[in-house]
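Heads up: take any position in the sequence shown, counting from 1, add 173, and you land on this note's numbering.
Glycine is no exception: its CB is placed at the ideal position from the N, C-alpha and C atoms.
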Amino acid sequence: MQIKPTVTLTDQQIAFYRENGYLSIDAITTPEEIAKLRVVYDQIFDRNAGREEGNQFDLAGTDEEGKAAALPQILNPRKYAPELAATLYEANATSIVKQLLGAEATFSGDHAIFKPAGVGAPTPWHQDEAYWDAGTRYNSLSVWMPLQEATLENGCMTFVPGPDDQEILPHQSIGGDTRIHGLEMLNPIDESKAIACPLPPGGATFHNSRTLHFTGANKSAVPRRAYILIFGTPPTPRTDGRKFPWNDARHTARDARAAEAAKKSEAGETVAAR
Ligand SMILES: O=C(O)CCC(=O)C(=O)O
Numbered sequence: 174m175q176i177k178p179t180v181t182l183t184d185q186q187i188a189f190y191r192e193n194g195y196l197s198i199d200a201i202t203t204p205e206e207i208a209k210l211r212v213v214y215d216q217i218f219d220r221n222a223g224r225e226e227g228n229q230f231d232l233a234g235t236d237e238e239g240k241a242a243a244l245p246q247i248l249n250p251r252k253y254a255p256e257l258a259a260t261l262y263e264a265n266a267t268s269i270v271k272q273l274l275g276a277e278a279t280f281s282g283d284h285a286i287f288k289p290a291g292v293g294a295p296t297p298w299h300q301d302e303a304y305w306d307a308g309t310r311y312n313s314l315s316v317w318m319p320l321q322e323a324t325l326e327n328g329c330m331t332f333v334p335g336p337d338d339q340e341i342l343p344h345q346s347i348g349g350d351t352r353i354h355g356l357e358m359l360n361p362i363d364e365s366k367a368i369a370c371p372l373p374p375g376g377a378t379f380h381n382s383r384t385l386h387f388t389g390a391n392k393s394a395v396p397r398r399a400y401i402l403i404f405g406t407p408p409t410p411r412t413d414g415r416k417f418p419w420n421d422a423r424h425t426a427r428d429a430r431a432a433e434a435a436k437k438s439e440a441g442e443t444v445a446a447r
């Protein structure tokens, strides 16, 4: 059954997003849905879902086996917990994104970032597009929803307002360590313009793939959970020779696990085909 959206942005909210590259709203789903999603979310982190195929890893660390992750992330979490899909959250996110990006915008992926209580590392200043393919033109945004209150103390989203056509600035792996998947801006940014967006559970922020953003360390006594949906209009090739050397420089444990898993699945397929 199709879930009907319950939230519509005002013209002022749309204008705010266009001008600033981000937007914050107090409710995108219900407390009941948040309670259900939290159970499923915690289960996939507890059982290390996706680790073997490189989809669960430490975003802010070197990600060795047996080492506690400072900033665990799962890519494509709905693959491991189908209950994360077909929610009121997604129905509202989809209809709001169409207001912001146009009717042709569709869902393009999800991820989950968990900041463990007391030790969860910051997610350094970055632009999402810096992680993606340099040769592609995107018109994309992320919807970020916390599954508990998001505060300055536990790592709420913080943005530097900016237009959605700004350039991607130089990035590097965190601390210049190319074993780390997470990226950070190479040069310091002017943090005096930064706006923090604390949210109640089930609130949401929307940010363009070029908007600068950051979340602080989790200094609180409870985990900080964020479930993020990415949307975009169909990407097109770029012809301006843009390069993201920081992505070519990376060699992570996560990539090694993904390559190993792909090899195993290829071998399995070959055996099955005989
Ligand atoms: O949840 C976080 O710590 C960071 C989220 C983020 O960078 C994003 O959604 O693009």
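Judged by beta-carbon spacing, Y311 lies beyond the 9 Å limit of W317, meaning their Cβ atoms are not closer than that value. Contiguous beta strand (DSSP E) elements confined to the stretch 280 to 335 occur at 296 to 299, 313 to 319, 330 to 333, taking only those with 3 or more residues.
Inside the stretch 225 to 250, DSSP marks no whole alpha helix (DSSP H) run of 4 or more residues. Shown here for T388: same chain residues with a beta carbon closer than 7 Å to its own, the five before and five after excluded, namely P295, T296, G328, C329, M330, T331 in chain order. For S365, the number of other beta carbons within 10 angstroms of its own is below 16, and it is reported as exposed. Between the alpha carbons of I353 and K288 lies a gap of roughly 17 Å. Residue selection by CB proximity (closer than 6 Å to any heavy atom of ligand 1) returns I286, T296, D301, S315, W317, G328, H386, T388, A399, I401 in chain order.
Nearest in C-alpha terms to R251, of all of I341, D283, G375, G376, is D283.
The Cβ-Cβ distance between S315 and L402 falls below 9 Å. R411 is classed as exposed because its beta carbon has fewer than 16 other beta carbons within 10 Å across all chains shown. Look at Q345 here: in three-state DSSP terms it is strand. Judged by their CB atoms, G375 and I201 are nearer to each other than the 9 Å cut-off. Listed in chain order, the non-local C-beta contacts of G194 below 8 Å within the same chain comprise F332, P334, G335, P336, D337, Q339, H380, N381, R383, T384, local neighbours out to five positions each way being set aside. In the DSSP assignment, I198 falls within the beta strand (DSSP E) that extends over 195 to 198. Distance from the CA atom of L372 to the CA atom of L210, rounded to whole angstroms, is 17 Å. Within the model, the alpha-carbon separation for V180 versus V395 is close to 29 Å. Boundaries of the beta strand (DSSP E) harbouring N381: 377 to 381, taken from the DSSP string. In the same chain as L273, and ignoring 5 residues on each side of it, the C-beta atoms closer than 6 Å to its own belong to Y190, in chain order.
Linking Q345 to L359 through their CA atoms gives a straight-line distance of about 6 Å.
When rounded, the separation of the alpha-carbon atoms in E439 and A432 is 10 Å. Burial is judged here by how many other beta carbons sit within 10 angstroms of a residue's own beta carbon; G349 has fewer than 16 and is exposed. Between I347 and E302, the C-beta gap is not smaller than 9 Å, which leaves the two residues out of contact. Bounds of any beta strand (DSSP E) do not take in A264; it lies within the alpha helix (DSSP H) bounded by 261 to 274. In the DSSP assignment, E357 falls within the unbroken beta strand (DSSP E) covering 356 to 358. Taking C-beta atoms as the reference points, L325 and A369 count as a pair closer than 9 Å. In the structure shown, the three-state DSSP call for Y190 is helix. Sequence-distant partners of N265 (beyond 5 residues in either direction) whose C-beta falls short of 7 Å from its own C-beta, in its chain, are P178, T179, V180, I201, T202.
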